[in-house]
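These protein sequence lines map, in sequence, to chains A and B. Read left to right, the first sequence gives residues 1 to 400 (this note's numbering). Read left to right, the second sequence gives residues 1 to 172 (this note's numbering). What follows is a set of notes on a single structure, which appears directly below.
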Amino acid sequence: MQELEMAGQGSLRLSRKSDDVVVLEKDLSTEQMVLSMGPQHPSTHGVLRLECLTDGEIITEAEPYLGYLHRCFEKHCEHVDYPAIVPYTDRMDYLAGINSEMAYCVAVEKLLDVEIPRRVEFIRVIVSELNRIASHLVAIGTYAIDLGAFTPFLFCFRDREHILNMLEWATGARMLYNYIWVGGLAYDVPAGFNERVLEFVNYFRPKALELQQLLTENEIFVKRTKGVGIMPADVAINYGWSGPMLRGSGVQWDLRRNDPYSIYPELDFAVPVPDGKLSVVGDCLSRHLVRALEIEESLKIIEQCIDKMPGTEGFNPRAAVPKRVRPKAGEVYGRAENPRGELGFYIQSDGKSTSPLRCKARSSCFVNLSAMKDLSRGQLIPDLVAIIGSLDIVLGEVDR
Amino acid sequence: MEEGKILSNAVEESGAAYAVIHEKFGEAISAFDDNATMPFFEVQDTALWTDIALFMRDHPKLKFNYMACLSGVDYLEEGKLGIVVNLESLGVFSHRIAVKVKCPRDGGSIPSVAGVWHTANWHEREAYDMLGMPFDGHPDMRRILCPDDWEGWPLRKDYRVQESYHGIKVPY
Chain A
1 MQELEMAGQG
11 SLRLSRKSDD
21 VVVLEKDLST
31 EQMVLSMGPQ
41 HPSTHGVLRL
51 ECLTDGEIIT
61 EAEPYLGYLH
71 RCFEKHCEHV
81 DYPAIVPYTD
91 RMDYLAGINS
101 EMAYCVAVEK
111 LLDVEIPRRV
121 EFIRVIVSEL
131 NRIASHLVAI
141 GTYAIDLGAF
151 TPFLFCFRDR
161 EHILNMLEWA
171 TGARMLYNYI
181 WVGGLAYDVP
191 AGFNERVLEF
201 VNYFRPKALE
211 LQQLLTENEI
221 FVKRTKGVGI
231 MPADVAINYG
241 WSGPMLRGSG
251 VQWDLRRNDP
261 YSIYPELDFA
271 VPVPDGKLSV
281 VGDCLSRHLV
291 RALEIEESLK
301 IIEQCIDKMP
311 GTEGFNPRAA
321 VPKRVRPKAG
331 EVYGRAENPR
341 GELGFYIQSD
351 GKSTSPLRCK
361 ARSSCFVNLS
371 AMKDLSRGQL
381 IPDLVAIIGS
391 LDIVLGEVDR
Chain B
1 MEEGKILSNA
11 VEESGAAYAV
21 IHEKFGEAIS
31 AFDDNATMPF
41 FEVQDTALWT
51 DIALFMRDHP
61 KLKFNYMACL
71 SGVDYLEEGK
81 LGIVVNLESL
91 GVFSHRIAVK
101 VKCPRDGGSI
111 PSVAGVWHTA
121 NWHEREAYDM
131 LGMPFDGHPD
141 MRRILCPDDW
151 EGWPLRKDYR
161 VQESYHGIKV
171 PY
């Protein structure tokens with residue numbers, strides 16, 4: 001085959017296929033460009049940098065760079081007492097502080113073998129489900145704003161404010177709570193808390209429906225997310241995905257159900273997975289749908305807890321809190337279902353010290369984000385924004 | 001995927017899973033430590049770790065398809081570095097097991113399992129970043145959380161922080 005280069009026409013070339021056939025080929029691939037997205041890009045939800053190799057509007061390779069928010073959580077853990085680690089866990093996933101505390105306390109309590117008062121367990125579940133709703137509202141609201149819908153964002157933040165006010169009333173803080181302690185709680189909930197929570201549940205149910213009509217059934221939103229960033233179930237498991245991300249791929253796996261902790265086995269709730277009617281299973285819309293459906297399940301859990309919760313007679317939230325947390329020698333991997341997936345703590349204790357020998361946080365966002373490179377290959381740049389938004393990452397937890 | 005399958009007897013079942021692995025690899029893995037909080041075994045022949053991992057993932061009776069966590073650990077007294085890998089069979093069986101792999105502190109390395117579980121890719125980079133043992137056969141062995149030109153391995157027990165980084169005083 002002969003090739004004839006035409007002067008001055010780099011992308012055009014003549015090639016002789018046979019004696020009497022000459023083809024003029026136009027090479028459509030343009031020059032590759034490196035596009036750095038972040039660390040200050042609003043759609044990266046924090047300080048994440050994506051180095052994208054783009055071919056026109058198509059991404060050939062997107063390499064995430066992390067560590068901008070690395071605060072040496074694991075090193076700090078080796079130098080402070082077990083109870084003093086709780087505030088650090090708040091600062092990992094700052095949108096769901098109570099859920100992070102819960103995961104850490106579940107892990108340490110496994111090693112300690114303490115009996116937790118029943119009322120404590122109910123309060124823990126109520127506040128962590130409230131926090132889960134708040135976290136999902138941020139996820140949904142910011143996802144909408146990533147895709148250009150401003151109103152749902154305001155609706156979500158309005159309702160989240162009610163939750164934060166309630167949590168502030170109970171714990172004294174709006175985001176960084178230090179409320180769940182190893183073996184108990186910092187305080188009992190204030191008088192009248194349950195009534196106010198029920199009031200909120202009744203207020204919020206219609207609002208959740210409104211949000212669904214406004215966003216989930218919005219044609220523009222569906223067009224931006226349906227069929228984008230599809231993750232098959234087996235690949236998702238191999239990537240270690242968990243939480244709404246894994247359920248978005250159609251795997252019915254929820255640690256509250258499959259590896260139960262606290263009082264979750266006594267509660268009746270569904271584990272929603274997309275049925276493929278509205279969305280393509282595994283795409284961005286599926287992940288959004290799972291979060292939207294989970295809000296309803298959390299409301300159900302809260303109602304049941306308030307119904308079954310034991311009274312305050314002779315109740316001391318710190319009754320089982322050890323004066324000195326010094327677990328027996330051994331290792332544990334404890335975990336809990338966070339709004340973003342499985343948050344696990346690997347803790348190694350030597351049985352003598354009051355601080356862990358090693359405390360590793362298995363961050364759900366870190367693991368979910370690691371699939372970014374494969375998910376973004378061959379996608380359009382605007383779809384990349386849709387994909388990152390659907391991952392719902394909190395960089396505080398990715399970098400720890 | 002069966003809904004509502006609870007992993008209550010996961011610890012007992014992990015013993016049966018260990019027996020299958022022990023049958024295949026024999027002396028290459030240690031005895032089974034069936035403590036209640038985290039049952040584990042240790043890989044004695046480090047070079048076989050990737051084979052063991054593949055076997056655990058693909059054997060029809062094991063199907064450890066999900067790597068929950070990989071933690072790098074410094075065993076200062078033994079003079080070793082190591083990893084602790086928490087594995088489970090998501091949606092197939094209800095067993096869970098932890099595997100420990102160790103290597104010498106100086107110049108040691110551990111075979112990579114990034115090709116077995118994608119999760120291991122970033123976790124191994126993090127373990128390398130924090131403890132400094134490279135993973136053989138890893139597709140992209142770079143630091144992940146610390147900057148590329150950071151000195152030392154922060155999670156080693158004998159770590160001393162560098163005095164300055166690009167003219168910025170580091171110890172506070």
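A virtual CB, placed ideally from N, CA and C, is assigned to each residue, including glycine.
So is Trp117/B in contact with chain A if we call contact Cβ pairs under 8 angstroms? Against the second sequence, residue 117/B aligns to sequence position 117. Closer than 8 angstroms: yes.
For Gln304/A, count neighbouring Cβ atoms within 10 angstroms of its own Cβ and tell me buried if that reaches 16, exposed if not. Locating residue 304/A in the first sequence gives position 304, counting from the first residue. Per the 10 Å Cβ criterion, buried.
Could you pull out every residue in the same chain whose Cβ sits closer than 8 angstroms to the Cβ of Ala103/A, ignoring the five residues on either side in sequence? Here residue 103/A refers to the residue found at position 103 when the first sequence is read from its first residue. Excluding residues within five positions, the ones whose Cβ falls inside 8 angstroms are Thr89, Gly334, Arg335, Ala336, Asn338, Leu343, Gly344 and Phe345.
Below-8 angstroms beta-carbon distance, Val332/A vs any chain B residue: Counted from its first residue, the first sequence places residue 332/A at position 332. By this cut-off, Val332/A is an interface position.
What residue range is occupied by the uninterrupted beta strand (DSSP E) comprising Ser349/A? Counted from its first residue, the first sequence places residue 349/A at position 349. From DSSP, the beta strand (DSSP E) with Ser349/A extends over Gly341 to Ser349.
Of all the CB atoms in chain B, is at least one closer than 8 angstroms to the CB of Val394/A? For the purposes of this step, residue 394/A is identified with residue 394 of the first sequence, where counting begins at 1. Taking Cβ atoms only, chain B never reaches closer than 8 angstroms to Val394/A, which makes this a no.
Proximal residues to Ala170/A (C-beta, below 8 angstroms), its chain only, five neighbours per side dropped: By one-based count along the first sequence, residue 170/A stands at place 170. So the qualifying residues of the chain are Val127, Tyr179, Tyr187, Val189, Pro190 and Phe193.
Mind listing, in chain order, the continuous alpha helix (DSSP H) runs of no fewer than 4 residues lying wholly within the segment 43 to 78 of chain A? 73 to 77
Decide if the segment 126 to 134 of chain B is in contact with the segment 84 to 95 of chain B; the criterion is three or more beta carbon pairs, one per stretch, under 8 angstroms apart. Judged by Cβ distances under 8 angstroms, the segment 126 to 134 of chain B makes no contact with the segment 84 to 95 of chain B, as fewer than three pairs qualify.
Tell me, please, whether the CB atom of Val113/B is closer than 8 angstroms to any CB atom in chain A? For the purposes of this step, residue 113/B is taken as the residue at position 113 of the second sequence. Cβ-Cβ to chain A under 8 angstroms: no for Val113/B.
Using a Cβ-Cβ distance cut-off of 8 angstroms, determine whether Val20/B contacts chain A. Walking along the second sequence from the start, residue 20/B turns up at place 20. With 8 angstroms as the cut-off, Val20/B does not count as an interface residue toward chain A.
Using a Cβ-Cβ distance under 8 angstroms, would Asn238/A count as near chain B? Translated into positions along the first sequence, residue 238/A becomes position 238. By the rule that beta-carbons nearer than 8 angstroms mark a contact, Asn238/A touches chain B.
In chain order, each beta strand (DSSP E) run of at least 3 residues that lies wholly inside the segment 51 to 85 of chain B: 66 to 75
With distances taken from CA atoms, which of Ala208/A, Ala149/A, Glu115/A and Val114/A is nearest Arg160/A? The residue you call residue 160/A lines up with position 160 of the first sequence. When only C-alpha atoms are compared, the closest one is Ala208/A.
By the criterion of Cβ-Cβ separation under 7 angstroms, what are the contact partners of Tyr66/B in chain A? Numbered from 1 along the second sequence, position 66 holds the residue referred to as residue 66/B. Result: Ile237 and Gly240.
Within the same chain, show all residues whose beta-carbon is closer than 6 angstroms to that of Arg132/A, passing over the 5 residues directly before and after it, in chain order. Start at 1 with the first residue of the first sequence, and residue 132/A comes out as number 132. Ser298 and Pro339, listed in sequence order.
Relative to the C-alpha of Arg324/A, which candidate in Val80/A, Thr216/A, Gly38/A and Arg224/A has its C-alpha closest? Within the first sequence, residue 324/A is the residue found at index 324, counting from 1. Considering only alpha carbons, the answer is Val80/A.
For Asp283/A and Leu90/B, I'd like the C-alpha separation in whole angstroms. Against the first sequence, residue 283/A aligns to sequence position 283. Against the second sequence, residue 90/B aligns to sequence position 90. Here the alpha carbons of Leu90/B and Asp283/A stand approximately 21 angstroms from one another.
Below-8 angstroms beta-carbon distance, Tyr346/A vs any chain C residue: Considering every chain present, this structure includes no chain C. Its protein chains are A and B.
Against chain A, which members of the segment 143 to 156 of chain B pass a CB distance test of less than 9 angstroms? Arg143, Ile144, Leu145, Cys146, Pro147, Pro154 and Leu155
Cβ closer than 7 angstroms: which chain B residues qualify as neighbours of Phe366/A? The sequence position of residue 366/A within the first sequence is 366, counting from 1. Those within 7 angstroms of Phe366/A in chain B are Trp122.
May I ask you to verify whether the segment 114 to 129 of chain A touches the segment 347 to 365 of chain A, counting CB pairs closer than 8 angstroms and requiring at least 3? no
Check whether the segment 300 to 316 of chain A and the segment 62 to 77 of chain A are in contact - that is, three or more C-beta pairs closer than 8 angstroms. no
May I have the straight-line CA-CA distance separating Tyr294/A from Val271/A, to the nearest angstrom? Stepping through the first sequence from its first residue, residue 294/A is reached at position 294. Stepping through the first sequence from its first residue, residue 271/A is reached at position 271. The displayed chain sequence assigns Glu, not Tyr, to residue 294/A. Cα-Cα distance, rounded: 8 angstroms.
What are the partner residues of Leu35/A, as DSSP defines its beta bridges? Reading the first sequence from its first residue, position 35 is the one you call residue 35/A. In DSSP, Leu35/A forms a bridge with Cys52/A.
Is there a Cβ of chain B sitting closer than 8 angstroms to that of Cys52/A, yes or no? Here residue 52/A is taken as the residue at index 52 of the first sequence, counted from 1. No, Cys52/A lies away from the interface with chain B (no Cβ there is under 8 angstroms from its Cβ).
Can you give me the C-alpha to C-alpha distance between Ala28/B and Leu255/A, rounded to a whole angstrom? Indexing the second sequence from 1 puts residue 28/B at position 28. Indexing the first sequence from 1 puts residue 255/A at position 255. Going by the C-alpha atoms only, they are around 33 angstroms apart.
Measure from the C-beta of Gly229/A to each C-beta in chain B and report whether the shortest distance is under 8 angstroms. Reading the first sequence from its first residue, position 229 is the one you call residue 229/A. So no, Gly229/A is outside the interface.
Residue range of the beta strand (DSSP E) that includes Phe40/B: Against the second sequence, residue 40/B aligns to sequence position 40. Element bounds for Phe40/B: Phe40 to Val43.
For Phe64/B, count neighbouring Cβ atoms within 10 angstroms of its own Cβ and tell me buried if that reaches 16, exposed if not. Here residue 64/B corresponds to residue number 64 of the second sequence, with the count starting at 1. That one is buried.
Any idea which residues DSSP pairs Leu380/A with across the strands? In the first sequence, counting from the first residue as 1, residue 380/A sits at position 380. Note: Leu380/A sits in a beta bridge opposite Ile58/A.
Which one of His70/A, Val201/A, Asp234/A and His45/A has the shortest CA to CA distance from Ala144/A? Residue numbering aside, residue 144/A sits at position 144 when the first sequence is read from its first letter. Closest option to Ala144/A, judged by alpha-carbon separation, among His70/A, Val201/A, Asp234/A and His45/A: His45/A.
8 angstroms CB neighbourhood of Ile123/A in its chain, flanking five on each side removed: Here residue 123/A refers to the residue found at position 123 of the first sequence. Excluding positions up to five away in sequence, the list reads Leu185, Asp188, Val189, Met309 and Pro317.
Give the single residue among Leu54/B, Met130/B, His118/B and Gly152/B whose Cα lies nearest to the Cα of Lys373/A. To locate residue 373/A, count along the first sequence from 1; it is residue 373. Checked all of Leu54/B, Met130/B, His118/B and Gly152/B; the closest Cα to Lys373/A is His118/B.
Determine, for Ser71/B, whether the minimum Cβ-Cβ distance to residues of chain A falls below 8 angstroms. Working through the second sequence from its first residue, we reach residue 71/B at position 71. Closer than 8 angstroms to some Cβ of chain A, the Cβ of Ser71/B qualifies, so yes.
Apply the 10 Å Cβ neighbour rule to Glu2/B and answer buried if 16 or more other Cβ atoms are within range, or exposed otherwise. The residue you call residue 2/B lines up with position 2 of the second sequence. Legend: pLDDT at Glu2/B = 42, less than 50; position of this residue unreliable, value from coordinates given subsequently. Glu2/B is exposed by the Cβ-count criterion.
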